[in-house]
Amino acid sequence: MKSLYSTMILAVVPTLISLANSVLGQCDYYTNVQPNQEYYVYSPYYSNYYPPSTSCRWIAACPQGYYCQLQCSDIDLPYTTGCTLDRLLISRTGDPTLAGAQSYCGRGTLTVSSEGQQLSVGLQAARNSPGGKFFCTLTAQPRTPAPAPTCSCGYRKVNRIVGGTETGVNEYPMMAGIFDKRIYQVYCGGVIIDRRYVVTAAHCMQGMNAANINAVVGDHNVENTGESPATQSIPVTQFLIHPNYNADTFDYDISILRLQYDIVFSERVGPVCLPFNYGTTDFAGAIVTALGWGTTEPGGPLSSTLQKVNLNVINQSTCQRTYSSLTSRQMCTYTPGKDACQFDSGGPLLYTQANNGLQYFVGIISYGKFCASSSPSVNARVTELLSWIVSSTPGVNYCRK
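Numbered by mature numbering (1 follows the signal peptide of the UniProt record, and there is no 0), the letters in the sequence shown go through residues -25 to -1, 1 to 376 in order.
This is how it looks when you write it as structure tokens:
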């Protein structure tokens, strides 16, 4: 790497945005890397030079227990101080926007390993580029076994909700929004259960096409995406609706969304704790927190900022007086003057564990008679659906706390 220039990208935000917007028109690749196989990442027209204005992106995902290794045996890009002309971008975190990536130019060789299971590579050439080329080999390498770190879930960042209050920015790192690209709107809530999976209500996904949906995480003000640096909008590749979902009674009202690439976790974005230790708990009398960007009053406008409200869980027999079709897969909440409302559907009900302060995913906002009325609201009961969540997400190692 004697003549290979490397610098951290700190002030190239317009460049990164240009790259993200332009790669789709030229070359944009995603690969699931399998062990004991080699994959090749190389510039267009290699071993000839790529043309001016070339923009490409490669995203590699390696299996659990492996990291991605990129070995570049031939890098020949025009050299400029700071790589201001052409650049090879490599993100060891696998950030799809290449934020925080390193920039390389000049001649040399290079070996880079991912920090996690994902690695992203970008190529950007200037309009007046004389051209260049590179060739790399991509493999999945097993991680050396090490003491398992303490897993993390359900943490809360302390620094459609009727009678609710605005949350702090990224106060609930597990919160997700289900975004319809056709109407450019978050129309349902969701919750992060893993880097690659988000859970929402089945009725939010019924009749939808995955190609039209993104999962938005790390957001607070959906009308001001710059308010949180953690905001990520990730395409949904497929979703599962529980096979027993009943659109009339909203029984089994749950759907799992698989994302195109991993969510980048941080103190601002992370998974909820699943209620593995609460299998026999009905939560009657407990207080849970509902989250959403829904309306703050019946028939009112959507909230631009994430709202929260504390609700009381009531027992099944009391709720069955209002909803005779209520099943064991459902739980009810009722607090006078407070409720989830329109467009909050799919968002989580979170139970705070008194001993550790962690947030446990115990309910999915489903339906009610009228926002903040004298009738309770019905939610999917996650403890009764937990086995389906686990069986529908093979390979995921959930944190059990």
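Just so it is clear, CB atoms sit at the ideal spot from N, CA and C, and this is done for glycine as well. It should be emphasised that the depicted structure is a prediction, and the values quoted were computed from it without experimental measurement.
Closest Cα partner of residue i within the set the options
i	options	result
Pro148	Gln39, Glu242, Ser18	Glu242
Pro26	Glu359, Gly69, Pro105, Asn187	Pro105
Arg233	Asn252, Ala190, Tyr326	Ala190
Ser300	Tyr20, Gly152, Tyr227	Tyr227
Thr55	Gln213, Ser48, Leu63	Leu63
Thr140	Gly370, Phe336, Tyr342, Thr280	Thr280
Ile216	Asp61, Ala35, Leu360	Leu360
Ser230	Glu146, Cys163, Leu60	Cys163
Leu333	Pro369, Pro250, Thr175	Pro250
Ala329	Asn354, Val284, Lys376, Ser341	Lys376
Asp237	Ser18, Gly81, Gln92, Cys58	Gln92
Ser18	Pro10, Asn11, Gln9, Ser30	Ser30
Distance between beta carbons of residue j and residue i, contact taken as under 8 Å
i	j	result
Gly129	Cys307	Actually they are not in contact, since the Cβ atoms of Gly129 and Cys307 sit about 23 Å apart, beyond 8 Å.
Ile262	Asn290	Their Cβ separation, rounded to whole angstroms, is 14 Å, which puts Ile262 and Asn290 out of contact at 8 Å.
Leu113	Ala36	Between Ala36 and Leu113 the Cβ distance is about 11 Å, and since that is not below 8 Å, they are no contact.
Asn145	His195	6 Å
Gly107	Asp61	6 Å
Gly343	Gln39	The pair is not a contact, with the Cβ atoms about 39 Å apart (cut-off 8 Å).
Gln44	Ser88	5 Å
Tyr79	Trp33	Contact flag wrong, Cβ pair sits at about 14 Å.
Asp70	Val239	6 Å
Neighbour-count burial assignment, residue i, 16 or more Cβ in a 10 Å radius
i	result
Val357	buried
Thr310	buried
Gly321	buried
Cys126	exposed
residue 379	What is shown of the chain runs -25 to 376, which leaves residue 379 out entirely.
Ala100	buried
Asp223	exposed
Arg157	exposed
Ala151	buried
Lys(-24)	Note that Lys(-24) scores a pLDDT of 29, beneath 50, so its modelled location is shaky; the value from the coordinates is reported in the next line. Result: exposed.
Gln181	exposed
Gln305	buried
Asn331	exposed
Within 8 Å, strictly: CB atoms of residue i and residue j
i	j	result
Val197	Trp268	yes
Ile65	Val16	no
Ile167	Gly245	yes
Ala115	Tyr41	yes
Phe109	Ile50	yes
Gln46	Cys111	yes
Ile339	Pro323	yes
Arg102	Ser28	yes
Glu90	Thr68	yes
Thr175	Ile209	no
Phe258	Val337	yes
Ser341	Ala355	yes
Residue-chain proximity (residue i, chain C), Cβ-Cβ < 8 Å
i	result
Gly57	Of the protein chains in this structure there is only one, and it is not chain C.
_Which runs of the alpha helix (DSSP H) at least 4 residues long sit entirely within the stretch 140 to 204? Give them in chain order._
Under the rule that a run must span 4 or more residues, the alpha helix (DSSP H) segments found entirely inside the stretch 140 to 204 read 177 to 180.
### Message
Which complete beta strand (DSSP E) runs does the stretch 220 to 288 hold, if anything under 3 residues is left out?
### Response
230 to 234, 262 to 267, all fully within the stretch 220 to 288.
Checklist entry - In chain order, which alpha helix (DSSP H) runs of at least 4 residues are fully inside the stretch 54 to 104? => result The stretch 54 to 104 contains no whole alpha helix (DSSP H) run of 4 or more residues.
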